[in-house]
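Data first, discussion second: the structure below is written as structure tokens.
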Amino acid sequence: MAENNQGTSQNANVETQKHLLQSDALYQYILETSVYPREPECLKELRDLTAKHPHAIIAIPAHEAQFLMLLLKLINAKKTLEIGVFTGYSLLCTALALPTDGKVIGIDINREPYDLGRPIIESAGIAHKIDFREGPALPILDEFIQHEEMVGCFDFAFVDADKHNALNYHERLLRLVKIGGLICFDNSLWCGTVAGCVATLPEQVINATHYVIELNKALAADKRIEICQLPIGDGLTLCRRIS
Ligand code: SAH
């Protein structure tokens, strides 16, 4: 059936009924049925430790961690990048999903939260897959691009750091991730603020909305990638590099 890109208003209504999560109870159901019973002990330990941190909210939820692990295995990822490590929760789930000879480079401007999670990561037997770099991500990525052997060598990148640099990261990652590889942007729904839901959110969250909206627009228009924006966690946009 022919229709414009926006769909008819009747179709738009149908679309809004297609998401599943209508209550916190339903999300809890997913966690208790499919996530927690299958969660590796070390991830649970790090999730519990992270939950005590005053900024616990910035780590990805357990359901998204489970999704990322499955995704990494589905694409047979071997070399990956992570921008924004915090206590190392998404880094640990990445390392667990990679093969024994896999590598994840995790970049964070602040090493302190990672040092809290490090003992758990080290006792999980996967620390040899992790290369942590402390510093602002942009110059580190620019330095990687100078090394010919690093260009186009990554299977996967997970971006979960300063939102105002997301498009800058995207440009660098399009050099570093191979054609057919995935670049994933976390928080692409930004607590719903991208669609005008503001509820009672801290001012700095509201202030960054503009950057997330610009990122979403740019990704949707970017012919170098195929995309899918998933309503998991705070929104996760998958970008498959095609050129
Ligand atoms: N991915 C983690 C959470 C990351 S939170 C998880 O799910 O467990 C965001 C992180 O981005 C913070 O630790 C913050 O220090 C880091 N960050 C912010 N600005 C940055 C920058 N310019 N370069 C690198 N890291 C940055």
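Add 83 to the 1-based position in the sequence shown for this note's numbering, that's all there is to it. Where is the CB? At the ideal position from N, CA and C, for every residue including glycine.
Within 7 Å, strictly: CB atoms of residue i and residue j
i, j, result
"residue 123", "residue 179", "yes"
"residue 262", "residue 324", "yes"
"residue 199", "residue 177", "no"
"residue 181", "residue 212", "yes"
"residue 110", "residue 104", "yes"
"residue 214", "residue 188", "yes"
"residue 296", "residue 277", "yes"
"residue 51", "residue 294", "Here the chain has residues from 84 to 326 only, and residue 51 is not among them."
"residue 125", "residue 203", "yes"
"residue 316", "residue 115", "no"
"residue 143", "residue 173", "yes"
"residue 274", "residue 265", "no"
Any non-hydrogen atom of ligand 1 within 6 Å of residue i CB
i, result
"residue 173", "yes"
"residue 222", "no"
"residue 244", "yes"
"residue 225", "no"
"residue 285", "no"
"residue 193", "yes"
"residue 189", "no"
"residue 144", "no"
"residue 266", "no"
"residue 316", "no"
"residue 120", "no"
"residue 200", "no"
"residue 169", "yes"
Strand pairing of residue i, partner residues [DSSP]
i, result
"residue 134", "None; residue 134 has no bridge partner."
"residue 239", "163 and 265"
"residue 321", "267 and 311"
"residue 260", "237"
Item to complete: Would you check if the region 300–313 and the region 252–269 touch, i.e. whether three or more CB-CB distances between them fall below 8 Å?
Response: yes
Discussion item. Within 8 Å, do at least three Cβ pairs link the region 225–242 to the region 156–174?
Written reply: yes
Discussion item. Contact between the region 307–322 and the region 265–279 is defined here as three or more beta-carbon pairs at a separation below 8 Å; is this criterion met?
Written reply: yes
Item to complete: Give a yes or no on contact between the region 212–228 and the region 132–145, applying the rule of three or more CB pairs nearer than 8 Å.
Response: no
Practice prompt. Would you mind listing the alpha helix (DSSP H) stretches within the region 163–251 that are 4+ residues and don't spill past its ends, in chain order?
Written response: 172–180, 195–206 and 220–229
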